[in-house]
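Novice: First, the structure itself, so that you have it in front of you.
There are 2 protein chains.
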Amino acid sequence: MIENEIFKALADPTRRTIFEKLAAGGMNASALREGIDISQPAMSQHLAVLRSAGLVREERQGRFVNYEVDPEGLALIARWLAKYRAYWPARIEALKVLLKDMDQ
Amino acid sequence: MIENEIFKALADPTRRTIFEKLAAGGMNASALREGIDISQPAMSQHLAVLRSAGLVREERQGRFVNYEVDPEGLALIARWLAKYRAYWPARIEALKVLLKDMDQ
DNA sequence: GAATCACATAAGTCCATGCTTATTTGTTTC
DNA sequence: GAAACAAATAAGCATGGACTTATGTGATTC
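In the order they appear, the protein sequences are chains Y and P.
Start counting the first sequence at 1; every next residue gets the next number (my numbering).
Start counting the second sequence at 1001; every next residue gets the next number (my numbering).
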């Protein structure tokens, strides 16, 4: 069940920080470490967890490995959340605004 | 940071099962245990975690305590997810369908 | 008010997980 | 092909978290 992997991956604050950083633009593992106090192996392990959860994908570029957000993981969360849409009727308007925003 | 509590709460499959069950309709802790192989204290502890995360709220009714989904927690996830909406342009159509659905 | 019931809390155990240091793998460069 | 560099993997450790049994608390019933 990948849903479980996703929530477990996001349960760690360091991994959410990494994910947020990647959301601002793809980069390699070394660049990701800048500004985050974390060892190289720890970063590598976190990225492996995020990748396995489908939240992030990698692409080797020479001796660097470029990481970027994988929309698949986000889509899965959105699908999970949609199951409970009955519980936020008051937010429908906000969602509509969001949609309009998406359309530009 | 309650965001952290939410993801940690949802990282446990048993708690997600409990949450899903509550989403189908509020009920007390004993009723919740039916169909889930879990001890009474374990259920109580899980509910405390969900409650602390803002995913569930309680209301004492006599010697029973009724639990139900708290929309606040879901709204927080939605807000978190919205930050990354740039990453699922292909899902806009799906969202529109969802919205239409919400309007009946 | 004693017994019973629904639930919460306490305390201890065990396993998962996030970290560390050390090493390995893959790639480039000289 | 040896050195240098980016990243992954291995192995060990320490903490967190999900469970257990035992007990406490609040409410109802007789």
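Where is the CB? At the ideal position from N, CA and C, for every residue including glycine.
A quick note: this is a predicted structure, and the numbers were derived from the prediction, not measured.
Can the beta-carbon of P:I1077 be found less than 9 angstroms from the beta-carbon of Y:I6?
Specialist: no
Novice: Does DSSP classify Y:Y67 as helix, strand or coil?
Specialist: strand
Novice: Does any C-beta atom of chain Y lie closer than 9 angstroms to the C-beta of P:K1021?
Specialist: no
Novice: Looking at the structure shown, is P:M1001 part of a helix, part of a strand, or coil, going by DSSP?
Specialist: P:M1001: coil per DSSP, three-state reduction.
Novice: Does any residue of chain Y bring its CB to less than 9 angstroms from the CB of P:R1016?
Specialist: yes
Novice: Comparing C-alpha positions only, which one of Y:A29, Y:L50, Y:G35 sits nearest to Y:P41?
Specialist: Y:A29
Novice: Let me confirm a value: Y:G54 is counted as buried when at least 16 other C-beta atoms fall within 10 Å, else exposed. Which label applies?
Specialist: buried
Novice: Between the Cα of Y:M27 and those of Y:V65, Y:L10, Y:S52, spot the shortest distance and give me the residue it belongs to.
Specialist: Y:V65
Novice: Which residues bound the beta strand (DSSP E) around Y:E57?
Specialist: One point to set straight first is that residue 57 of chain Y is Arg, not Glu, in the sequence displayed. For Y:R57, the enclosing beta strand (DSSP E) covers residues 56 to 61.
Novice: Which residues in chain Y sit within 7 angstroms of P:I1077, going by Cβ to Cβ distance?
Specialist: L81
Novice: Just to confirm my understanding: we take P:E1059, look at its own chain, exclude 5 residues before and 5 after, and list those with CB closer than 6 angstroms. What are they?
Specialist: For P:E1059, where only same-chain residues beyond five positions count, the Cβ hits under 6 angstroms are N1066.
Novice: For a contact defined as C-beta to C-beta under 9 angstroms, what are the partners of Y:A48 on chain P?
Specialist: The contacting residues do not exist; Y:A48 stays about 17 angstroms from chain P at best.
Novice: Measure the C-alpha to C-alpha separation of P:D1070 and P:A1086 and round it to an integer number of angstroms.
Specialist: Computed Cα separation, rounded: 27 angstroms.
Novice: Between the alpha carbons of P:A1075 and P:I1002, how many angstroms are there, rounded?
Specialist: 12 angstroms
Novice: Report the residue ranges of all alpha helix (DSSP H) runs contained in full by the stretch 1008 to 1063 of chain P; include only those spanning at least 4 residues, in chain order.
Specialist: Considered as a whole, the stretch 1008 to 1063 of chain P harbours 1013 to 1023, 1029 to 1033, 1040 to 1052 as its complete alpha helix (DSSP H) runs of no fewer than 4 residues, in chain order.
Novice: Which of the three DSSP states is assigned to P:A1086 in this structure?
Specialist: helix
Novice: Taking its Cβ as the centre, do 16 or more other Cβ atoms sit within 10 Å of Y:I18, making it buried, or is it exposed?
Specialist: buried
Novice: How big is the Cα-Cα spacing for Y:R51 and P:R1063?
Specialist: 47 angstroms
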